[in-house]
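Undergrad: Questions regarding the structure given below will be posed in turn.
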Amino acid sequence: MSKVKFFYVNGCPYCAQARKAREELISENPEYGKVEFEEIDEGLHPEIANQYDYWATPAMFVKEEKIYEAHKGEQYDEAKENVKRVLEAALKA
105 MSKVKFFYVN GCPYCAQARK AREELISENP EYGKVEFEEI DEGLHPEIAN QYDYWATPAM
165 FVKEEKIYEA HKGEQYDEAK ENVKRVLEAA LKA
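For the sequence shown, the numbering used here assigns the number 105 to the initial residue and increments by one for each residue that follows.
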């Protein structure tokens with residue numbers, strides 16, 4: 105299992121949507137609750153964020169590989185499916 109690096113921006117609605125999806129997925133499958141998330145506010149830690157290749161938040165990496173990056177207009181169901189891919193990747197890593 106590997107930790108997830110979760111880059112976000114304070115006040116970002118897509119980041120809030122991803123957090124909600126994560127909590128919902130954990131309630132559906134408690135195994136997902138074992139995955140540790142390191143949440144990094146790119147505004148407070150640009151020195152870390154600048155080391156990763158992404159344009160939009162949230163962006164999630166497992167073992168330095170980008171698994172998910174949100175896009176403008178992303179709907180909740182799509183975000184939830186992407187967060188699920190992140191959780192599955194982290195569990196297998």
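Glycine included, C-beta positions come from ideal geometry on N, C-alpha and C.
Just the Cα atoms here: how many angstroms apart are arginine 100 and valine 187?
TA: Any question about residue 100 goes unanswered here, given that the chain covers just 105 to 197.
Undergrad: Output needed for alanine 122: all residues of its chain with C-beta closer than 6 Å, excluding positions within five of it in sequence on either side, in chain order.
TA: Once the five neighbours on either side are set aside, the close Cβ partners of alanine 122 are Pro162, Ala183, Val187.
Undergrad: In this structure, how does DSSP classify aspartate 157 when only helix, strand and coil are distinguished?
TA: Residue state, collapsed to three classes: coil.
Undergrad: When you compare each of Asn114, Tyr118, Met105 to lysine 176 by their alpha carbons, which one comes out closest?
TA: The shortest Cα separation from lysine 176 among Asn114, Tyr118, Met105 belongs to Tyr118.
Undergrad: Should isoleucine 144 and tyrosine 136 be called a contact, given that it needs their Cβ atoms to be closer than 7 Å?
TA: No, the pair does not count as a contact, with Cβ atoms beyond the cut-off.
Undergrad: Take the Cβ of tyrosine 112 as the centre, count every other Cβ of all protein chains shown within 10 Å, and call the residue buried at 16 or more, exposed below.
TA: Buried, because 16 or more other Cβ atoms sit within 10 Å of the Cβ of tyrosine 112.
Undergrad: Measure the C-alpha to C-alpha separation of serine 106 and glutamate 169 and round it to an integer number of angstroms.
TA: Using only the alpha carbons, I get a separation of about 11 Å.
Undergrad: Is lysine 167 helix, strand or coil when you go by DSSP?
TA: Coil.
Undergrad: What does the alpha-carbon distance come out to for the pair glutamate 128 and proline 134?
TA: Roughly 10 Å between the two C-alpha positions.
Undergrad: Considering Cα atoms alone, identify which of Gln179, Val166, Gly147 is closest to arginine 189.
TA: Checking every option, the nearest Cα to that of arginine 189 belongs to Val166.
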